[in-house]
Ligand SMILES: [Mg+2]
């Protein structure tokens, strides 16, 4: 592949002969111009360090000017970006072991219990020795590590610890991008100015985390986000590693499997492997093929394979969220669809509460179902911008009526196409009135459920939606529902009150 006038030229095999087609498949005109300019800058930055890594050595006048700036940058030791990636070690498990010393040094597995359905959320390094890892089916984990200690997680607690971590991190960064409760990119370009100072910051963050919160983390300091992430993984756990330049990054990973590159998962890796592309070096040597194979992602990989990544640390904004949803996997499969409607009420209220917290409204409702045979389906419906539980519930019900009524193991509800209401319209008086009406309908539903399950839903909503209680409440409802319908069938109880 060759860069020609700002767009890509790719060869396609066409019948018997090979035809050259211009293909603007990745980028729009203005993006191409921006990209060309960016590429020129990066080429120059790289060619100063290592000529062989540059795309092309030809330089225009502009390039010479850019080079001068870059040379100055090199001379004064002020890199364009300095990023720290910090990642807590076995976060949930470490917090639990910290707060209960009898768990220290034991194979500790946080997530579901072996008697339940579900997965490992995280596990201690002692459990990892047995091959247990996060996202593993809990039954499989139990087979590998039957003497492990299994616990439910306490997410409220982890969130509190996470906030304490943020305070430490943010003291050193001008921008932070949180990837999870226990993981973030910190942009320290302006606060540290030099790479050496950034390394000092990283060591202080590590020490403070240990001294103040009694937890271990792994830290990487690098010239880019992806290199920083690679660096923090390099010496995990309790690790520390520096990757100052693209050259250092490439030297480190060049003979490793392609999976070392960010965004390469098992599917992408399999695709590359099947074409004989196994290592980062193979990507470097087969750039054209990689782009043909993977399109835009391939293009990104050919850049990463040469150490190029100028992506910026982007602080998370709630409105960046794509959707807000809540789902439940039942401990035993369910085929009573009127019971599922009761579950939908609670899931819809949960979604409403989350949306309220982030100040967002959705323009679509989604219903997700996984059947007993593990087949999943998702159905969506467009609505007028809303987050009212009643609207969500009403739409989810319509969707539920239209899906095949077979035994299911998971049900979930969510809203998507999110925005803050200001973008669309102000709440009118009529809207406010109708929201009140909607609440009345929901109140009636909850009253009926109070009777059916013998639970005071209405007066315990705050409790039900904190921590794990929603999950436990729904499980309780499922068991109760099962015993009631059994008794009904055998001629005992009155019919349940359902709307
Ligand atoms: Mg972690």
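Numbering (the numbering used here), first residue to last: 808 to 1306. Yeah, the Cβ is synthetic: ideal placement off N, Cα and C, and Gly gets one too.
When we look at the beta-carbon of residue i and count the other beta-carbons within 10 Å, is it buried (16 or more) or exposed?
| i | result |
| --- | --- |
| residue 997 | exposed |
| residue 906 | exposed |
| residue 933 | buried |
| residue 1164 | exposed |
| residue 1181 | exposed |
| residue 783 | Past the boundaries of the shown model lies residue 783; the chain is included only from 808 to 1306, so the question cannot be answered. |
| residue 1123 | exposed |
| residue 1002 | buried |
| residue 948 | buried |
| residue 1185 | exposed |
| residue 1263 | exposed |
| residue 824 | With a pLDDT of 29 at residue 824, under the threshold of 50, the modelled position of that residue is not reliable, and no figure is offered here. |
| residue 1144 | exposed |
| residue 1288 | buried |
| residue 1108 | buried |
| residue 990 | buried |
| residue 954 | exposed |
Using only CA atoms, which one of the options lies nearest to residue i?
| i | options | result |
| --- | --- | --- |
| residue 1258 | 971, 1106 and 1149 | 1149 |
| residue 1223 | 1254, 1256, 1196 and 1188 | 1188 |
| residue 911 | 1264, 897, 921 and 1132 | 897 |
| residue 1227 | 1219, 1190 and 1169 | 1169 |
| residue 1011 | 1037, 1041 and 1047 | 1047 |
| residue 987 | 999, 978, 973 and 1000 | 973 |
| residue 1256 | 1177, 1284 and 1272 | 1284 |
| residue 1021 | 886, 971 and 1063 | 971 |
| residue 1000 | 981, 990, 1266 and 1247 | 981 |
| residue 1089 | 1065, 1077 and 1103 | 1065 |
| residue 1128 | 963, 1270, 1167 and 893 | 1167 |
| residue 1153 | 1219, 1130 and 1176 | 1219 |
| residue 1132 | 1176, 1086 and 938 | 1176 |
| residue 923 | 1091, 1179 and 944 | 944 |
| residue 1061 | 1074, 1079, 1087 and 1043 | 1087 |
| residue 1205 | 963, 1147 and 1157 | 1147 |
Is residue i near ligand 1, with its Cβ less than 8 Å from a heavy atom?
| i | result |
| --- | --- |
| residue 1089 | no |
| residue 1308 | As shown, the chain starts at 808 and ends at 1306. That puts residue 1308 outside it, with no answer to give. |
| residue 990 | yes |
| residue 934 | no |
| residue 1076 | no |
| residue 1038 | no |
| residue 987 | yes |
| residue 1307 | There is no way to answer for residue 1307, as the model of the chain reaches only from 808 to 1306. |
What is the rounded straight-line gap between the Cα of residue i and the Cα of residue j?
| i | j | result |
| --- | --- | --- |
| residue 1217 | residue 1276 | 17 Å |
| residue 1081 | residue 1101 | 13 Å |
| residue 890 | residue 1208 | 50 Å |
| residue 1032 | residue 1198 | 41 Å |
| residue 856 | residue 935 | Residue placement at residue 856 is flagged as unreliable, the pLDDT there being 37, under the threshold of 50; the coordinate-derived value follows with that caveat. Cα-Cα distance, rounded: 40 Å. |
| residue 1281 | residue 1155 | 13 Å |
| residue 1314 | residue 1019 | Since the displayed the chain opens at 808 and closes at 1306, residue 1314 lies outside it and no answer follows. |
| residue 1024 | residue 1173 | 37 Å |
| residue 1007 | residue 993 | 14 Å |
| residue 1192 | residue 1013 | 44 Å |
| residue 1110 | residue 966 | 36 Å |
| residue 1286 | residue 1139 | 9 Å |
| residue 1290 | residue 1195 | 32 Å |
| residue 1267 | residue 901 | 32 Å |
| residue 895 | residue 1045 | 8 Å |
| residue 1142 | residue 1035 | 48 Å |
| residue 1213 | residue 927 | 28 Å |
| residue 1162 | residue 1250 | 19 Å |
| residue 1083 | residue 1096 | 11 Å |
| residue 925 | residue 946 | 8 Å |
| residue 1057 | residue 914 | 36 Å |
| residue 1068 | residue 1248 | 52 Å |
Residue range of the alpha helix (DSSP H) that residue i falls in?
| i | result |
| --- | --- |
| residue 1018 | 1002–1020 |
| residue 1078 | 1073–1081 |
| residue 1057 | 1053–1060 |
| residue 894 | First-last for residue 894: 890–895, but that is the beta strand (DSSP E), not the alpha helix (DSSP H). |
| residue 1087 | 1087–1092 |
| residue 1105 | 1103–1111 |
| residue 987 | That residue, residue 987, is in no alpha helix (DSSP H); its beta strand (DSSP E) goes 982–987. |
| residue 1149 | 1144–1165 |
| residue 901 | 898–906 |
| residue 1039 | 1032–1041 |
Would you mind reading off the limits of the beta strand (DSSP E) that contains residue i?
| i | result |
| --- | --- |
| residue 1140 | 1130–1141 |
| residue 1223 | 1215–1226 |
| residue 965 | Note, residue 965: premise wrong, no beta strand (DSSP E); alpha helix (DSSP H) at 962–977. |
| residue 1186 | 1183–1193 |
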